[in-house]
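What follows is one structure encoded as structure tokens, with my remarks underneath.
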Amino acid sequence: MARIMEETRKAFITGNEAVTWGALAAGAEIMFGYPITPQNEVMHYWTRLAPQYGKGFLQTEDELSAGFTVCGSVQSGKKAFTATAGPGNVLMQEPFGMAEAMRLPLFAVIQQRGGPSSGTVVYSQQEVTLTTFGGNGEGHRIVYSTASHQEIYDYTIKGFNTAWKYRFPTFLLGDGYQAKMREPLEMYNPEDRGIEMIDTYPLIGLPGHIGENREPQHLCNIYSLEEELYEVVMRVSAEYEAISPELVEYEEKECEDADIIVLSHGVVSRAADDAVKELRAQGIKAGYFRPITLRPYPQKQLREAIAKSGAKKLLIAESAYGQLDRLTKQEIYGETIKIENLFMPGVGIIDYDIISKVKSSL
Amino acid sequence: MSLIKIALAGEGGQGVQSIAEILAEAAYNENKQTIYIPNFGLEQRGGVSIAFIQFSDKRIGAPKFNKADVVIALSERAVERTTIYSDKNTLFVYDTGFKVEAEMLPQEAKKIIGIAAIDTANQKLHPRVFNIIIMGAVIGLTNVVSFEAAKAALEHKLAYKFEKNPDLRDLNFRALEIGKKMAEESLKEGVANNA
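Okay, structure coming up:
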């Protein structure tokens, strides 16, 4: 694989640019996309850089087509990806569902904006439910929720590998703030960090003859019999559950003796981190827990944090009206810890908001 | 340096986002932690353009903030739009080149400062370096970046223009210096303190 950077270098760029550079460094070959704020610049930067690195780009007629062209492209063995947001993410659920059904190594970047409908073009965390569980399926997906430009770069590289290793559609879930803000990060070639990029492979047009010297691929998204579908979904569910423990990622701080654990994800976790530090400085025993993978969810680790801390309260803070809250509750069913919430749909959360809420909750 | 939060607001074309980007790059070049985010909503189309910038020695948390240490509002509408970012710790700066009624200015501010950047640009320099005067003013008020780092970042950003017309370099650097001095004077004298 061609080296994208001569050496590791620092940069001060937007999150959308970080996606583009991460995709280049990961060896992505082609992007399919349709414009929507706040992910537009992923496409813009990609189209600027693609010709210099011999990469491809196709702007399709809409998001449905962008998603389906990625589905087609990865079947031919191309490392392909797309990026979208908001209503675009809604439209792409049909191709994303196909990727679940056919176990396609699809990678997509979602930069959340306000909803419902066109909502705002700015920011939210309101695409959690949509991205983690999608449409008419069982949520057989892997979703990384990033909190900094460094993570956007790191998880773009990782996302391609996860998709091609496990063959479940993989998502990087960012948001408008992360997409548009500039902050420093370090960019590197994966091999310089000991990261081995997984070679892609075609899923169709394979050599040999079915029944003679190879098995059929069974890339199928429709079945004639209920029992056939049942068998496939049950098998895929079992496979997904089996790999979940090795996929789960999370961050935990100060939970050992916490009276209250602040749970957040994505960019809000930056404010939560600051809030917990400030609360600790004031003598309030606050802890911090952040799922990095929203699917699969680090439910075992969260249960352990609750158990070892003996915390009486869990404060769930999110820029949505309860999407992380619902996800968390279903994952830690049976826990008796009291759950408080700070729901601020479509607007940013700062440390002050969390500190105030913690103080009024205790 | 502890966390410094700045909101720069103006009309489209006043160059607010450009100077925010240059300031943020200058701070980044000085190995400071920096986050810069523009407002990019539909409001941007015909509305007030706002740049949110934060500087610190330590990792910066949330990309936006409720209250700023410094607000600079460069039009009547920008004043109206940004009073919400002002509280008792805020230096609220506006340009005296447009009419602002006293009741439009924020109720709460550490200090309200009027500076004549538009007039100075038009009369002494060139209308196009108005935003560079403002950039100088930010440095004069906060010292978020050194004067030298700001010059270097300007040089980097405008290299292609300076190459074509070397006089522009001098014009921009003078604007930067004048802005810085105007701000420093205003802090000393407390001119136009309407708070």
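Chains A and B, in that order, are what the protein sequence lines are.
Quick note on my numbering: the first sequence kicks off at -4 and runs consecutively.
Quick note on my numbering: the second sequence kicks off at 3 and runs consecutively.
Ideal placement from N, C-alpha and C gives every residue a C-beta, glycine not left out.
Every value quoted in this text rests on a predicted model; they were computed, and no experiment measured them.
Bounding residues of the beta strand (DSSP E) (the contiguous stretch that carries residue i)
i: residue 336 of chain A; result: 333 to 338
i: residue 26 of chain A; result: 25 to 28
i: residue 182 of chain A; result: 177 to 182
i: residue 167 of chain A; result: 165 to 170
i: residue 290 of chain A; result: 288 to 290
i: residue 40 of chain B; result: 35 to 40
i: residue 245 of chain A; result: 245 to 248
i: residue 222 of chain A; result: It is not in any beta strand (DSSP E) - residue 222 of chain A instead sits in the alpha helix (DSSP H) that spans 221 to 242.
i: residue 9 of chain A; result: 4 to 9
i: residue 365 of chain A; result: Since the first and last residues shown for chain A are -4 and 357, residue 365 of chain A lies out of range.
i: residue 257 of chain A; result: 255 to 258
Contact with chain B by residue i, beta-carbon distance below 8 Å
i: residue 300 of chain A; result: no
i: residue 410 of chain A; result: With chain A covering only -4 through 357, there is no way to say anything about residue 410 of chain A.
i: residue 14 of chain A; result: no
i: residue 134 of chain A; result: no
i: residue 271 of chain A; result: no
i: residue 37 of chain A; result: no
i: residue 257 of chain A; result: no
i: residue 262 of chain A; result: yes
Bridge-paired residues (DSSP) for residue i
i: residue 54 of chain A; result: A/28
i: residue 95 of chain B; result: B/74 and B/115
i: residue 102 of chain A; result: A/76 and A/165
i: residue 12 of chain B; result: B/51
i: residue 1 of chain B; result: What the structure shows of chain B is the stretch from 3 to 197, and residue 1 of chain B is not part of that stretch, so it cannot be assessed.
i: residue 285 of chain A; result: A/246
i: residue 209 of chain A; result: A/205
i: residue 145 of chain A; result: DSSP, once it has assigned bridges, lists no residue as partnering residue 145 of chain A.
i: residue 107 of chain A; result: A/170
Below-8 Å beta-carbon distance, residue i vs any chain A residue
i: residue 63 of chain B; result: yes
i: residue 43 of chain B; result: yes
i: residue 24 of chain B; result: no
i: residue 68 of chain B; result: yes
i: residue 87 of chain B; result: no
i: residue 39 of chain B; result: yes
i: residue 36 of chain B; result: yes
i: residue 137 of chain B; result: no
i: residue 3 of chain B; result: no
Start and end residues, alpha helix (DSSP H) containing residue i
i: residue 304 of chain A; result: 294 to 304
i: residue 121 of chain B; result: 119 to 126
i: residue 124 of chain A; result: 123 to 128
i: residue 318 of chain A; result: 318 to 326
i: residue 171 of chain B; result: 169 to 191
i: residue 19 of chain B; result: 18 to 31
i: residue 274 of chain A; result: 263 to 276
i: residue 91 of chain A; result: 81 to 97
i: residue 367 of chain A; result: Limits of chain A in this structure are -4 at one end and 357 at the other, which puts residue 367 of chain A out of reach.
i: residue 159 of chain B; result: 149 to 166
i: residue 309 of chain A; result: Here residue 309 of chain A belongs to no alpha helix (DSSP H); instead the beta strand (DSSP E) covers 308 to 313.
i: residue 39 of chain A; result: 35 to 44
i: residue 347 of chain A; result: 346 to 356
i: residue 2 of chain B; result: A question about residue 2 of chain B goes unanswered here, because the residues of chain B that appear run from 3 up to 197.
Where residue i meets chain B, residues with beta-carbon distance less than 8 Å
i: residue 114 of chain A; result: Under the 8 Å cutoff, chain B gives no residues; its nearest Cβ is about 11 Å from residue 114 of chain A.
Listed by chain order, chain A residues near residue i by CB distance under 9 Å
i: residue 27 of chain B; result: 7 and 177
Proximal residues of chain A, C-beta to C-beta of residue i below 7 Å
i: residue 30 of chain B; result: 7 and 179
Interface partners of residue i on chain B, CB under 7 Å
i: residue 265 of chain A; result: 63 and 64
i: residue 117 of chain A; result: 42 and 43
Interface partners of residue i on chain B, CB under 9 Å
i: residue 268 of chain A; result: 61 and 63
Select from the stretch 161 to 177 of chain A all residues with a C-beta closer than 7 Å to any C-beta belonging to chain B, and list them in chain order.
-> 172, 175, 176 and 177
Cβ-based contacts, 7 Å cut-off: residues of the stretch 164 to 190 of chain B near chain A | Nothing from the stretch 164 to 190 of chain B brings a Cβ to less than 7 Å from some Cβ of chain A.
Closer than 9 Å, Cβ to any Cβ of chain B: which residues of the stretch 324 to 354 of chain A, in chain order?
-> 342, 343, 344, 345, 346, 347 and 348
Would you list, in chain order, the members of the stretch 180 to 203 of chain A that have their beta-carbon closer than 7 Å to a beta-carbon of chain B?
-> Taking 7 Å as the Cβ-Cβ cut-off, the stretch 180 to 203 of chain A has no residue approaching chain B.
Determine which residues of the stretch 5 to 21 of chain B have a Cβ less than 9 Å from any Cβ of chain A, and write them out in chain order.
-> none
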